[in-house]
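In the UniProt record's numbering, the protein residues as written are 1 to 478.
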């Protein structure tokens with residue numbers, strides 16, 4: 001980055017040899033992720049060191065070492081994916097030297113990009129605050145030590161369409177998003193890291209409700225996981241907002257920018273570009289149309305809000321999930337109409353499974369007497385934390401597999417990547433298949449986390465449930 005090195009002469013770093021520059025950048029990032037949380041904790045907390053309860057604390061993600069390694073490495077992964085499928089070269093045929101040269105030639109952060117990212121975030125905040133909204137209550141926080149239920153403004157669907165209308169007005173001017181892609185990625189990384197520092201600092205405010213999984217006493221680990229469960233500024237909920245708004249809608253904007261750049265370059269928008277834009281736009285629209293559903297997810301009810309979610313929502317999602325559209329600007333996979341139809345069918349099939357399974361679960365949660373779900377078989381288990389009885393679905397979609405919705409989600413991921421061609425039998429790149437490969441690992445990890453969480457929550461009842469529904473993803477297979 002040009003902002004490392006001499007404070008009076010930022011160009012100092014560009015005069016350094018390639019290897020020195022790369023080493024300085026990595027060292028700077030590593031020091032920052034160690035120093036920032038430790039300094040904040042020192043300033044905000046009267047106790048220095050590990051909490052007394054940390055000996056019994058169950059770390060996830062490899063503990064403090066894993067958290068630190070993840071924070072240092074993931075920003076680099078974003079740039080690696082970008083530069084390894086750009087106009088000049090793509091995997092296979094990628095050398096580390098070529099990748100290093102590419103990063104030096106590109107602008108990886110700029111004041112303009114920071115202004116755009118900050119302005120975009122602020123624009124989405126204004127939409128959330130001032131567009132008409134339905135106010136709903138979230139889940140009961142008593143089990144987490146909270147008082148009652150928080151209220152949320154549900155208007156993400158309106159924010160989505162206002163943003164789409166704005167993109168339509170901009171038209172081919174959005175092609176600048178392609179030109180400034182690495183700088184925007186860098187700005188998003190910086191913004192999400194700064195937000196994480198604020199979240200960690202504010203979690204030491206008296207009365208803050210802390211997430212059990214993010215209050216280990218280790219500053220680096222807690223900075224990564226997130227100490228506070230539902231950080232708010234007044235009635236504005238930061239976690240639920242970041243979960244869906246700036247990153248997901250921003251992903252669509254980047255895709256539109258890639259389509260605009262392709263049109264500028266060749267005078268048309270190709271079939272694969274249209275299809276991947278439509279499929280991913282449907283995915284984002286769905287998330288915002290069913291915005292209320294996230295209030296009962298693990299991200300909202302259990303996980304704290306720290307670097308893991310802030311970086312994931314604001315930087316990782318828009319700049320890794322949409323690699324296919326960026327790739328298609330510079331590469332023609334030469335896919336015929338028949339194959340495009342098959343890809344569309346795969347994507348729509350995955351979406352139908354994903355949405356119908358989630359709708360069935362949501363309807364059962366909100367109104368179990370609804371005729372659509374009242375006939376479904378259930379298993380009654382006791383919540384070990386509250387002592388209350390809970391009904392778990394053991395028929396319908398959820399009788400086939402415990403994470404059947406994940407299977408539909410994963411099928412959509414394969415459809416998106418297929419628009420770039422097959423790297424084995426045609427002109428394609430394995431890099432554009434990063435998302436379904438990474439997503440499979442993510443979903444497996446999430447299923448393991450959920451299983452552990454539900455075992456603690458329901459005890460022997462969860463063991464009985466697993467006997468009734470033995471499959472996790474694919475019925476009768478896995």
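Beta carbons: idealized from backbone N, C-alpha and C, even for Gly. As the structure is a prediction and not an experimental result, all values here were calculated from the model.
Residues near residue 49 by beta carbon distance below 8 angstroms, same chain, minus five either side
Residue numbering aside, residue 49 sits at position 49 when the chain shown is read from its first letter. Summary for residue 49: the model assigns pLDDT 32, below 50, so the residue's position carries little reliability; its value from the coordinates is reported in the next sentence. Excluding sequence neighbours, residue 49 sits near 217.
When the Cα atoms are used, what is the spatial distance from residue 220 to residue 270?
Sequence index remark: in the chain shown, residue 220 carries index 220 (1-based). Sequence index remark: in the chain shown, residue 270 carries index 270 (1-based). Between residue 220 and residue 270, the C-alpha separation is close to 46 angstroms.
Is it the case that the Cβ atoms of residue 230 and residue 255 are separated by a distance below 9 angstroms?
On the chain shown, position 230 is the one that residue 230 refers to. On the chain shown, position 255 is the one that residue 255 refers to. Not in contact: residue 230 and residue 255 (Cβ atoms no closer than 9 angstroms).
Once DSSP output is grouped into helix, strand and coil, what is the label at residue 450?
Here residue 450 refers to the residue found at position 450 when the chain shown is read from its first residue. Residue state, collapsed to three classes: helix.
Let me know the secondary structure DSSP gives residue 58 once reduced to three states.
The count along the chain shown starts at 1 and reaches residue 58 at position 58. It is coil, neither helix nor strand.
Determine the extent of the beta strand (DSSP E) in which residue 292 is found, giving its start and end residues.
In the chain shown, the residue the question calls residue 292 occupies position 292. No beta strand (DSSP E) contains residue 292, which DSSP labels as neither H nor E.
Between residue 134 and the rest of its own chain, which residues show a CB-CB distance below 6 angstroms, the 5 nearest in sequence each way excluded?
Taking the chain shown and counting its residues from 1, one reaches residue 134 at position 134. Closer than 6 angstroms at Cβ, skipping near neighbours: 154.
Which runs of the alpha helix (DSSP H) fall wholly inside the region 210-253 and span at least 4 residues, in chain order?
219-225 and 238-244
Given a threshold of 16 other Cβ atoms within 10 Å of its Cβ, counted over all protein chains shown, does residue 331 qualify as buried or as exposed?
Position 331 of the chain shown, counted from the first residue, corresponds to residue 331. Buried: at least 16 other Cβ atoms inside 10 Å.
In the structure shown, what three-state DSSP assignment does residue 422 receive?
The residue labelled residue 422 in the question sits at position 422 within the chain shown. Residue state, collapsed to three classes: coil.
C-alpha gap between residue 352 and residue 368, whole angstroms:
Locating residue 352 in the chain shown gives position 352, counting from the first residue. Locating residue 368 in the chain shown gives position 368, counting from the first residue. Taking the straight line joining both Cα atoms gives about 22 angstroms.
Tell me which same chain residues have a C-beta within less than 7 angstroms of the C-beta of residue 296, skipping the five on either side of it?
To locate residue 296, count along the chain shown from 1; it is residue 296. 139 and 365, listed in sequence order.
Would the region 244-260 count as touching the region 177-184 if we require 3 or more Cβ pairs under 8 angstroms?
yes
With distances taken Cα to Cα, identify the nearest neighbour of residue 382 among 450, 464, 185 and 328.
Position 382 of the chain shown holds residue 382. It is 464.
Nearest-angstrom Cα separation, counted from residue 186 out to residue 110
Walking along the chain shown from the start, residue 110 turns up at place 110. Walking along the chain shown from the start, residue 186 turns up at place 186. For residue 110 and residue 186, the distance between alpha carbons rounds to 8 angstroms.
With a threshold of 7 angstroms on Cβ separation, who are the neighbours of residue 145 within its own chain once the five nearest residues in sequence on each side are excluded?
Looking up residue 145 in the chain shown gives position 145. Correct list, in chain order: 209.
How close, in whole Å, do the beta carbons of residue 183 and residue 107 come, if the pair is a contact with beta carbons under 8 angstroms?
Walking along the chain shown from the start, residue 183 turns up at place 183. Walking along the chain shown from the start, residue 107 turns up at place 107. That belief holds up - the Cβ atoms of residue 183 and residue 107 are roughly 5 angstroms apart, short of 8 angstroms.
Check whether the Cβ of residue 183 lies closer than 8 angstroms to any heavy atom of the ligand GDP, and answer yes or no.
Because no ligand of any kind appears in the structure shown, any question about the ligand GDP cannot be addressed here.
Consult DSSP for residue 280 and reduce its assignment to one of helix, strand or coil.
Here residue 280 refers to the residue found at position 280 when the chain shown is read from its first residue. Looking at residue 280 - three-state DSSP - the assignment turns out to be helix.
Across which residues does DSSP place residue 193 in a beta bridge pair?
Within the chain shown, the letter at position 193 stands for residue 193. Note: residue 193 sits in no beta bridge, so no partner.
How about residue 415 and residue 343: are their beta carbons less than 9 angstroms apart?
Here residue 415 refers to the residue found at position 415 when the chain shown is read from its first residue. Here residue 343 refers to the residue found at position 343 when the chain shown is read from its first residue. In this structure, residue 343 lies closer than 9 angstroms to residue 415 by Cβ.
Once DSSP output is grouped into helix, strand and coil, what is the label at residue 351?
The residue you call residue 351 lines up with position 351 of the chain shown. Helix.
Using CA atoms only, rank isn't needed, just tell me which of 227, 174 and 235 is closest to residue 252.
For this step, residue 252 is matched to residue 252 along the chain shown. That would be 174, whose Cα lies nearest to the Cα of residue 252.
Span of the beta strand (DSSP E), counted from its first residue to its last, around residue 382:
For the purposes of this step, residue 382 is identified with residue 382 of the chain shown, where counting begins at 1. Here the beta strand (DSSP E) through residue 382 covers 378-382.
Taking the alpha-carbon positions, what's the residue 244 to residue 387 distance?
Residue 244 sits at position 244 when you count from the first residue of the chain shown. Residue 387 sits at position 387 when you count from the first residue of the chain shown. Taking the straight line joining both Cα atoms gives about 33 angstroms.
Of the choices 69, 410, 418 and 62, whose alpha-carbon is the least far from that of residue 283?
Residue mapping note: residue 283 aligns to position 283 of the chain shown, counting from 1. The shortest Cα separation from residue 283 among 69, 410, 418 and 62 belongs to 410.
Could you tell me which whole beta strand (DSSP E) segments of length 3 or greater appear in the region 120-161?
134-137 and 151-154
Nearest by alpha-carbon distance to residue 341: which of 291, 306, 454 and 275 is it?
Counted from its first residue, the chain shown places residue 341 at position 341. Residue 341 has its Cα closest to that of 275, out of 291, 306, 454 and 275.
Under 9 angstroms, do residue 304 and residue 192 count as touching if we go by C-beta distance?
Here residue 304 refers to the residue found at position 304 when the chain shown is read from its first residue. Here residue 192 refers to the residue found at position 192 when the chain shown is read from its first residue. Cβ atoms of residue 304 and residue 192: not closer than 9 angstroms.
Could you give the first and the last residue of the continuous beta strand (DSSP E) run that contains residue 391?
Along the chain shown, read from residue 1 onward, the residue named residue 391 stands at position 391. Per DSSP, residue 391 belongs to the beta strand (DSSP E) from 389-393.
Could you spell out where the alpha helix (DSSP H) holding residue 314 opens and where it closes?
Within the chain shown, numbered from 1, the residue matching residue 314 stands at position 314. Element bounds for residue 314: n/a, residue is neither H nor E.
Do residue 458 and residue 384 have their beta-carbon atoms positioned less than 9 angstroms apart in this structure?
Your numbering for residue 384 matches position 384 in the chain shown. Your numbering for residue 458 matches position 458 in the chain shown. Yes, these two residues count as a Cβ contact at 9 angstroms.
Within the same chain, show all residues whose beta-carbon is closer than 6 angstroms to that of residue 157, passing over the 5 residues directly before and after it, in chain order.
Counting from one through the chain shown, the residue named residue 157 turns up at place 157. Contacts found: 288 and 289.
Under the rule that 16 or more other beta-carbon atoms within 10 Å means buried, what is residue 119, buried or exposed?
Start at 1 with the first residue of the chain shown, and residue 119 comes out as number 119. So residue 119 ends up on the exposed side.
Measuring alpha carbon to alpha carbon, tell me which of 419, 195 and 350 ends up nearest residue 327.
Within the chain shown, the letter at position 327 stands for residue 327. The option with the nearest alpha carbon to residue 327 is 419.
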